[in-house]
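J.: Okay, here's the structure, questions in a sec.
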Amino acid sequence: MAITPSKTVNLSEGRAATEGEGPAVTAPKGTRTWVIHPSAFFAKGKEGNRLAFLLKTAQALLLAIAVCFSTGAGNSTIRFNDLGHRLMCTCSCAQLLGECNHVGCPESGQMRDELSAAIASGATDEQILSSFAAKYGATVLAAPTMHGFDLVAWIAPFAVFAAALLGTILLVRHWSVGRVEAPAPATDPAMNALRAKIRRETEASDL
Amino acid sequence: MATLGSFALLIALALAAYNLFAGAVALRLIATGQPTRVSPERLADTARRAGIAGFYAVSVAAFALIYSVFTNDFSITYIVEHSNRALPAPYKFAALWSGQEGSLLLWAWLLGAYGFVLRLTHKTDVKLYAYAGTILAAVQLFFLAVINFAAPPFSLLRGAIPEDGNGLNPLLQYPEMVIHPPMLYLGYVGFTVPFAFALGALMMRYPGEKWIRVTRVWTLVTWLFLTCGIFLGMHWAYAVLGWGGYWGWDPVENASFMPWLTGTAFLHSVMMQERKGMMKSWNVWLIFSTFLLTLLGTLLTRAGLVSSVHAFAQSSIGSWFYTFMLIVLAVCIFTYVLQRGHLRSEQRLESLVSRESSFLFNNLVLLVACFVILWGTLFPILSEYVEGSKVTVGAPFYNRVAVPIGLFLLFLTGVGPLLPWRATSLRSIRRNFIAPTIALWATVIVCMAVGVLPWKNGAFDAGNFYALVGFAMSAGVFAAILSEFLRGGAVIARQTHRNLLSAIVLLIRRNTRRYGGYIIHIGVVIVVIGLCGSAFNRSEERELALHGTLPIGPYTLECVGFTQDSNPNYNSEYALLDVYKGGKKIFQMSPERRVYLASEQPQTMVAIHSVPGWDLYVVYEGTNPDSGQPIIKAFLNPLVGWIWAGVVFIVIGTFIALVPSLSPATAVVRVQAPRTAQEPALKGGD
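Heads up: the protein sequence lines correspond to chains A and B, in order. Sequence positions in the first sequence follow the working numbering and run 2 to 208. Sequence positions in the second sequence follow the working numbering and run 49 to 734.
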C-alpha cells in the first residue's frame, strides 16, 4: 500500500477536513496530509513485500477462522452440552434440544437419554449427529451439514461477502479515477494569515 | 358494529382508490402541462383530502373491532377466536393484533395515521408530498383490498353464537404484548413513508437533497420504533418463553431484524449523499429494499411461509403479498431505469482511509449481515425445492456466520467516527487511535486475568473467544467515542470558560445529530456487552421437595412452599422460593405456571431478579408426573440487564439526534426546490 505525502495542503483541504466534524478530524496547521490513494492497493513491482505481508496476514486470518470452526469438546458433559445445542427437539417447540424445557415433552427426555448413551458408547460427534438425522430426519440437525447441497448454505454468505468486498474496492477505485489534485497553496503572507484565521474559526464552529 | 366496521372498510377502500387515481392523474397532468377543465392542483388536493378521510374511515373500523371485543360480540368470528369474557381489559386491546385479520387492520390504521400526518404537513413541499401521498395511497389500497376481500375482520360466525370465546393465545397475555406488536408495526409501517418519498422524489426528478432531509426524520423515527419493537420482543421472549434466552434466530425475529439492518445502513449512507452528493442510487435502493423487507416480514409472520414460535396467525394471504411485492419491485426497477440519470454522484472518493470509505464498508457489512439472515431464513425453503427435504437453519448457523460479521461491524462503529472526511493524516490517526487501542488491549488483559479465556479444558471455546473479542472491541469503541466527547468538550470549555460537563452538554446541543449518533453507538456498545454475557450462562434443574435447595452461582434457592390460585381467566400453581446469598436470606421469588381456562393451554411465568452483574432467572416447569414433585430450573445469566440499559441509551441518542442543533454545525448546500411566486406550487418537474 503506497502512502504518499501530499503536496497539496491548502486552505480548501484544511476546511474540508474540519467541515462540521469537530477537533478529531482537524488537520493541524502545517501538517502534511497523507493521502492513501486507492490505486495503491493495486500497485505491482516495488510493493511486492507488502503484497507478501498481506498474503501472510490473509493466511493467518484463514487459520484463525479455521480454528474457530474446528471447535471440539473434551469430556462427556461438555460434549453433551455441545451436541445438545446442535440438535433440535422434535416436539414442534422449535427449540434446541439442550434448551427444550417442556415438562412432559414427549420427545426431549428420550432424545437426551439417547444422546447420553451415544456419547458413552464412544461414538464421534459426526456419528452421533448422523444417527440422529437417520432416525428423526434432517430437520433434527440445528444447522445444515457440511456436505451436499447443505454446503451451499455455508459457502454463500462468505462468497457474497467476498464479492461485496471486491465490488466495494472496485467502486472506490472507479470513484477515485480522474481525481483532480487541488491547486498548490498560495504563498502570499496575507493569504496565509487569513487561512490560519479561518482554520481557527472553522475548528471552533465545528463544536 | 360488524356492519359499521365492514362499511367503514369499504369506504376506506374507495377513498384510497380515489386518492391513488386522482392523485396520479393530477400529477401526470401537472407534469405534461396538458390543459384541462378541472385544475390539476384542485384535483390533487381532493386526492389529499380523500387520504385524510380514509384515515377516519379505517379508524372507525378499528374502533368497531375493539368495541366488539370489549362488548364480547361473539357473532363475529374473529372475536370468538381471539377473546373471551374473562380476558383482562388491556389484553382485549391485544386481541386487535393477535389474529391475522386484526393485525392487517392495525397495519392499515397505522399507515392511515402516518399518511394523515404526512398530508396535514403537505405545505412543507406540496409537490413532493403529493407524490408521496399518492404512493402511500397505493400501498393503503393493497392492504384495504386484502382486509376487505381476503381476510375480513368482521366476518360473521355461521351457526349458533357461543356463550364465550376461545380466548387469547396465552403467550400474548403478558404486559409487553400490549406494546410490543404495535411498536414493531409502527416500525414496519413507518418505512412506507421514506419509501414513498424516495420513489416520489425519483419519479419527479426532485432537485437537491431536500427529500433526503425530510425522509431522514421519518426514517429515524421509524427506525426508533422498530428498534424498540425488536428489543421489547426480545424481552418478551426472555420473560415468557422460559428457555433463558432472548434471541433464538427464529424466522420471525429475523424478519424484523432485516429491515432494521437496511434501515440502519440507509441512515448512515444518507450522510454521504447530504454532504458529498454520493451514493444516490445506493440510498434509493436501500430504502426500496427496506420497504420490501417489511413486506417480507409480514409475509413470513402471517402466511406461514416458515414455522416460527412468533407466528400467531397464519393463512393463505401469501399470494396477495407475493403479487404485491412483485408489483412494487417492478415499479421500483422501472422508475429507477427511467430516471437513473438523475442519480449521478457529484463527487468522487479521495482516500480509502476516510469517513466516506468507512461508510461504504459499514454499508457493506450491514448488507452482508442482512443477506446472511435472509439466506438462513429462506434456505429451508430452497433446500426443500432443490432436494425435496427440509433442513433446519438455527442458532448454530447464525452464531458461526453472523456473529463474526457483527463483531466486524462493531469494529467499524469505533473506527468510522475517528476518520475525517476526504483524507486523513498519520498524525491524526496516531492521535485518535491511541486511547481506543490502549483500552482494547487493557480489556483483553483484564478479561484473560479474570478467566475469560478463548479455550476451556484444553479445547478452543468459540463462545468465550467471541465474548473476549466483544468485550475488547466494546472497550475500544467506548474509548473512541468518549475521547470524541472529551476532546470537543475541552475545546469548548477553554473557549467559553465553562466546566467540562456543561461544555460537553453545549457540544451535544451544537451538533445534536452527530453526538446523538455517538450516544446511540454507546448504547450499541452496552447492548453488545450484554450479549457477550450469554457466553457464561449457567443453569441448574432439580425436583424440589419442601425445604429442598438448589444452589446456583452465589445463590441458594430454598423451597418454602407450593401453592395454587385461580381466577376467571386461569388457574395457576407456583413455588415460593427463598433466595440466600452468603447464608443470608435476601429476597423471595415465585415462579408460576398457569393454565388458561378458555384455551386450556399452559403458560410459564418466569421469576427474574436482575442486578447489573447478572439475572437470576427461575422457571417453574411443572410437576413430575411420577413423583408429583415440582421441577424448578434456575439460570444465572450474566449481564442481561445491560442489553435493556443499552436500549435506553439508543432511545435517548435518537431523541437527541432528532432535536435541531443550536446553530448550524454543518455546511450543507441547501438547494431550493424550483418554485416561483408566479407558478402554482405543484407546477414543474416531470
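Even for Gly, the Cβ is constructed at its ideal location relative to N, Cα and C. Values in this document were obtained by computation on a predicted structure and should not be read as measured data.
If I follow the unbroken beta strand (DSSP E) through tyrosine 254 (chain B), where does it start and stop?
T.: That residue, tyrosine 254 (chain B), is in no beta strand (DSSP E); it is neither H nor E in DSSP.
J.: Does DSSP classify arginine 586 (chain B) as helix, strand or coil?
T.: Looking at arginine 586 (chain B) - three-state DSSP - the assignment turns out to be strand.
J.: Have a look at B:Gly53, B:Phe382, B:Asn67, B:His283 and flag the residue whose alpha-carbon is nearest the alpha-carbon of glycine 578 (chain B).
T.: The candidate whose alpha carbon is nearest that of glycine 578 (chain B) is B:His283.
J.: Rounding to the nearest angstrom, what Cα-Cα distance links proline 722 (chain B) and glutamate 257 (chain B) in this structure?
T.: Per-residue confidence for proline 722 (chain B) stands at a pLDDT of 49, beneath the threshold of 50, marking its modelled position as unreliable; the derived number appears in the next sentence. Roughly 13 angstroms separates the two Cα atoms.
J.: Does the region 56–68 of chain B come into contact with the region 190–197 of chain B, if we say contact requires no fewer than three beta-carbon pairs (one atom in each stretch) closer than 8 angstroms?
T.: Result yes; three or more Cβ-Cβ pairs closer than 8 angstroms.
J.: Please tell me whether, using a cut-off of 7 angstroms, the distance from the CB of leucine 474 (chain B) to the nearest non-hydrogen atom of the ligand FMN is below it.
T.: This structure simply doesn't include the ligand FMN, nor any ligand for that matter.
J.: Report the neighbours of tryptophan 690 (chain B) on chain A: residues whose CB is nearer than 7 angstroms to its CB, in chain order.
T.: Within chain A, no residue comes near tryptophan 690 (chain B); the closest Cβ sits about 22 angstroms away, beyond 7 angstroms.
J.: Given that a residue counts as buried once 16 or more other Cβ atoms are within 10 Å of its Cβ, and exposed if not, what is methionine 147 (chain A)?
T.: Methionine 147 (chain A) comes out exposed.
J.: Could you check whether the Cβ of methionine 89 (chain A) sits closer than 8 angstroms to any Cβ belonging to chain B?
T.: Yes, methionine 89 (chain A) lies at the interface with chain B (some Cβ there is under 8 angstroms from its Cβ).
J.: Which partner residues does isoleucine 679 (chain B) have in the DSSP bridge list?
T.: Looking at the DSSP assignment, isoleucine 679 (chain B) forms a beta bridge with B:Glu591, B:Gly670.
J.: What residue from B:Gly499, B:Ile365, B:Pro599 has the CA that sits closest to glycine 147 (chain B)'s CA?
T.: It is B:Ile365.
J.: Return no unless some Cβ of chain A is closer than 8 angstroms to the Cβ of glutamate 432 (chain B).
T.: With 8 angstroms as the cut-off, glutamate 432 (chain B) does not count as an interface residue toward chain A.
J.: So what's serine 77 (chain A) in DSSP terms, helix, strand or just coil?
T.: Note: serine 77 (chain A) maps to helix in three-state DSSP.
J.: I believe valine 699 (chain B) touches alanine 287 (chain B) by the beta-carbon criterion, under 8 angstroms. Please report the beta-carbon distance rounded to the nearest angstrom.
T.: Contact doesn't hold; Cβ gap of about 20 angstroms is too wide.
J.: Just verifying my parser: in three-state terms, what is the DSSP assignment at threonine 91 (chain A)?
T.: If DSSP states are grouped into helix, strand and coil, threonine 91 (chain A) belongs with coil.
J.: So alanine 623 (chain B) is in the beta strand (DSSP E); what residue range does that whole segment cover?
T.: Where alanine 623 (chain B) is concerned, the enclosing beta strand (DSSP E) stretches over 618–629.
J.: Have a look at B:Asn132, B:Gln543, B:Leu664, B:Gln636 and flag the residue whose alpha-carbon is nearest the alpha-carbon of glycine 601 (chain B).
T.: Considering only alpha carbons, the answer is B:Leu664.
J.: Taking CB distances under 8 angstroms as the criterion, tell me whether proline 158 (chain A) reaches chain B.
T.: Proline 158 (chain A) counts as touching chain B.
J.: Indicate whether alanine 50 (chain B) and serine 123 (chain B) have their beta-carbon atoms separated by less than 8 angstroms.
T.: For alanine 50 (chain B) and serine 123 (chain B), yes; Cβs fall inside 8 angstroms.
J.: Taking just the CA atoms, how far does glycine 581 (chain B) sit from threonine 72 (chain A)?
T.: Residue confidence for threonine 72 (chain A) is low, a pLDDT of 44 falling below 50, so the modelled location carries little weight and cannot support an answer.
J.: Going along the chain, which residues of its own chain have a beta-carbon closer than 6 angstroms to the beta-carbon of glycine 48 (chain B), five neighbours each way excluded?
T.: Residue 48 (chain B) lies beyond the stretch modelled for chain B, which goes from 49 to 734, so this question has no answer here.
J.: May I have the straight-line CA-CA distance separating valine 451 (chain B) from valine 500 (chain B), to the nearest angstrom?
T.: Looking at the two C-alpha atoms, the distance is approximately 18 angstroms.
J.: Closest Cβ-Cβ distance between histidine 148 (chain A) and chain B: below 8 angstroms?
T.: No - not a single Cβ of chain B is within 8 angstroms of the one on histidine 148 (chain A).
J.: I'd like the span of the beta strand (DSSP E) that includes glycine 506 (chain B), first residue to last.
T.: Per DSSP, glycine 506 (chain B) belongs to no beta strand (DSSP E) and is neither H nor E.
J.: Here's the rule: buried if 16 or more other CB atoms are within 10 angstroms of the residue's CB, otherwise exposed. What is leucine 61 (chain B)?
T.: It is buried - the Cβ of leucine 61 (chain B) has at least 16 other Cβ atoms within 10 Å.
J.: Measuring CA to CA, which of B:Tyr446, B:Lys328, B:Leu687, B:Phe336 is closest to valine 576 (chain B)?
T.: Answer by Cα proximity: B:Leu687.
J.: Between which two residues does the alpha helix (DSSP H) holding alanine 64 (chain B) run?
T.: That run of the alpha helix (DSSP H) goes 50–80.
J.: Is there a C-beta anywhere in chain B that falls below 8 angstroms from the one on glutamine 111 (chain A)?
T.: No, glutamine 111 (chain A) lies away from the interface with chain B (no Cβ there is under 8 angstroms from its Cβ).
J.: Decide if lysine 68 (chain B) is buried, meaning its Cβ has at least 16 other Cβ atoms within 10 Å, or exposed.
T.: As written in the sequence, residue 68 (chain B) is leucine, which differs from the lysine given in the question. So leucine 68 (chain B) counts as buried.
J.: Quick one: Cα of glutamine 294 (chain B) to Cα of tyrosine 603 (chain B), how far?
T.: Just to set this straight, residue 294 (chain B) is tyrosine in the shown sequence, not glutamine. Cα to Cα, the separation comes out at about 22 angstroms.
J.: Using beta carbons (cut-off 8 angstroms, strictly below), is isoleucine 79 (chain A) in contact with chain B?
T.: By this cut-off, isoleucine 79 (chain A) is an interface position.
J.: Provide the residue span of the alpha helix (DSSP H) that contains glutamine 148 (chain B), from first to last.
T.: That run of the alpha helix (DSSP H) goes 148–168.
J.: Closest to arginine 558 (chain B) by CA distance: which of B:Gly325, B:Gly537, B:Val572, B:Thr461 is it?
T.: Out of B:Gly325, B:Gly537, B:Val572, B:Thr461, B:Gly537 has the C-alpha closest to the C-alpha of arginine 558 (chain B).
J.: Could you work out which residue in B:Trp155, B:Tyr179, B:Arg392 is closest to glycine 71 (chain B) when comparing CA atoms only?
T.: Nearest C-alpha to glycine 71 (chain B): B:Tyr179.
J.: If you measure beta-carbon to beta-carbon, which residues of the region 123–148 of chain A are closer than 9 angstroms to chain B?
T.: Flagged, chain order: Gly138, Ala139, Thr140, Val141, Leu142, Ala143, Ala144, Pro145, Thr146.
J.: Does leucine 166 (chain A) come within less than 8 angstroms of chain B when only Cβ atoms are used?
T.: True, the Cβ-Cβ gap to chain B drops below 8 angstroms.
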